[in-house]
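Here is the structure we will look at, set down as C-alpha cells.
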Amino acid sequence: MHDNMASTEKESAMVETFANAEKPEGMLSRYSIKSIPSEELKNGKMVAFDEVIKTFVNIRLDTVPYSSEINYRKIVRELELCVKLFHKNIINILNLFSPQQSSASFSSFFIVYNYMDYTLSHLIETRDWLQQRNKSTGAERLSFIAFQLFCAVDYLHKAGICHRDLRPETIMVNKKCRLKIAQLGNARHVSEIAELPHETDSYGYYAPEIFYEVKTQKNNWIKAKKNLDEFKPQMPPNPSSDVWSLGIILYEIVSGEKLFPDLNDKTDNPYEQVVKVAKDLPIKINAECFPSSDHSKLKPHHGHALLQRLIATAPETRITVKQALNVEYVRWVRMEGDIGVPPPQCITVGLDKVRFSLNDWKDNLFQMIKDYERTKDINKWEPKLPPEDSFPEPTQKKPLGK
C-alpha cells in the first residue's frame, strides 16, 4: 500500500511539472500532450501522458514524403526492429498510427516511444550527475550506465544485429539513470554488406578498421579510374566495431569532452589519426579521471582497465560485450530482463537491395502503419513493456560479491 501511495504521489508531482499543450491534428484521445518543462530536456519529441497505461511517453511526428530512398529504408528498419526487439535497454515502440486513411492522402504519422528525459549527450555536457546524491555515487551511476549499454548491445549481437551508429545522440537516458539505445535505422544484420551511416556525427565513433577498409576500397576505386563522386564504401558490419563505439562513449562520459570532435568525411588519413589518439589514450586519461566510491568495490583503475580493452585498435584483441559484462567494473546483480534472449526473426536482411520509386516507398510505409493499426486497438490497447526493476536508484542493485 505504501509503495502504491508513493507512486501515485510521485506521478501527481510529475504531472504538475508539465503544462497542457495543444494537441496536434490526428492525435489519439488517449494521449494528453504536455510541454517540455525545461530547455535541458532536448530529445526532439513531444511529451504526452498516456491515459490508458498511466505513464508518460515520447511521441514523434514524422511527415512524408521523404526526400530519398535512404530515409524510407531507415524508418522501415527502425519500425520493424523496435516493434520486434524486446529489451529494457532498447527503445520500444508503444504505438504507431497515421490520421490519414488512404495512401494518396498519407502525409504524416506518429510513433510513440518510452518516455526518456535526455540523450546521453546531456550527461557529457553536465557533470553534476557525477556527484554523490542520496546513497548513490557518480561511480555507481557511471558503472550502471556502462552495464546497461553492454546489456543492450549484447542483446543486439545475440540477434546477429550490429547497431553501427552508437553515439551519445542515439542513446536515451532518464533521471533515474535508466538507459535505452534508440535510432536503429542504421542497424544491419551481420550477413549484410551495407553502406556506412550517412550522418556526419557518426564519424567520431567509427572503429579504426572501418577507416582502414574505406581507405583500401577508395584506393582500389581510384586505380580502376572510377568517378570518386560515385564512391560509396560498403562492408559487412562487425560487432567489434560497436564495442569500439561504446569505448569512445565511455571516454566522453568520463572526460566530459569529445575524443574526435573534428573527424568527418573530409578528414585526411582518419585511420592514422584514430590509431594514434587511441594509443595515446592511457596518457590522455588515467584511472584518477574515473569517479571513485568509498562504500563499494567500484575502483577507478577497474574502469580505466575496461576502457583500454574497449578501445583496442586491433578488433581481434578488443573485448566483446559478453566479456565486458563479466568485468569487475560492471559486475551488477542480474535482474529480470537484463540479459535477454532476442526473438528468432527480427532481421531486415535485403532491405537495402529493394528498389522502389519514392511514391512506392511511401505507399509501402503507409501499408505497414495500417497493418500495425489493424492488429491493435490503437486507442485502447496496453503495450507489453520489458520488465523494469522498481528501485529508484541504481545503488540498490548491489555489485556482485558484496
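Just so it is clear: in the sequence shown, position 135 is 135 by full-length UniProt numbering, and no numbers are missing.
Cβ coordinates follow ideal geometry from the N, Cα and C atoms, glycine included.
C162 is bridged by DSSP to R188.
Rounded to the nearest angstrom, the Cβ distance from L307 to G247 is 6 Å, consistent with a contact under 8 Å. Between Y212 and the set D229, F366, E230 and M235, the nearest pair of CA atoms involves M235.
In the structure shown, the three-state DSSP call for Q234 is strand. By the criterion of a C-beta distance shorter than 6 Å, V112 is surrounded in its chain by V57, I59, L94 and N95, once the five residues flanking it on both sides are discounted. Residue ranges of uninterrupted alpha helix (DSSP H) with 4 or more members, entirely inside the segment 218 to 276 and ordered along the chain, are 239 to 255. Secondary structure of K180 (DSSP, three-state): strand. Distance from the Cα of F109 is smallest, within the candidate group P300, G26, I319 and K88, for G26.
DSSP places N20 within a strand segment (E or B) once states are collapsed to three.
About 6 Å separates the Cβ atoms of L179 and I171, confirming a contact at the 8 Å cut-off. Membership of S108 in the beta strand (DSSP E) is indicated by the continuous run S108 to N114. A Cβ-Cβ distance of about 36 Å is found for the pair V354 and T313, leaving them out of contact under the 8 Å criterion.
Taking A287 as the centre and dropping the five residues before and after it, the same chain places the C-beta of P300, H301 and H304 closer than 6 Å to its C-beta, in chain order. Bounds of the alpha helix (DSSP H) holding S121 are S121 to E125.
Counting along the chain, the unbroken alpha helix (DSSP H) around R309 starts and ends at P300 to L310. Between L298 and N92, the gap from beta carbon to beta carbon reaches 8 Å or more.
As the crow flies, the alpha-carbon of P343 is around 15 Å from that of N89. A direct Cα-to-Cα measurement between Y203 and T320 gives close to 21 Å. Sequence-distant Cβ neighbours of S245 in its own chain, meaning closer than 6 Å and more than five residues away, are L166 and Y205. D154 is classed as buried because its beta carbon has at least 16 other beta carbons within 10 Å across all chains shown. Annotation: the continuous beta strand (DSSP E) that includes A48 extends over M46 to D50. DSSP, read as helix, strand or coil, puts R334 in coil. Classified as buried, G340 has 16 or more neighbouring CB atoms from the shown chains inside 10 Å of its CB. In this model, R127 and I253 are separated by some 9 Å (Cα to Cα). For the set H198, I193, E199 and C162, the Cα lying nearest the Cα of I181 is the one of C162.
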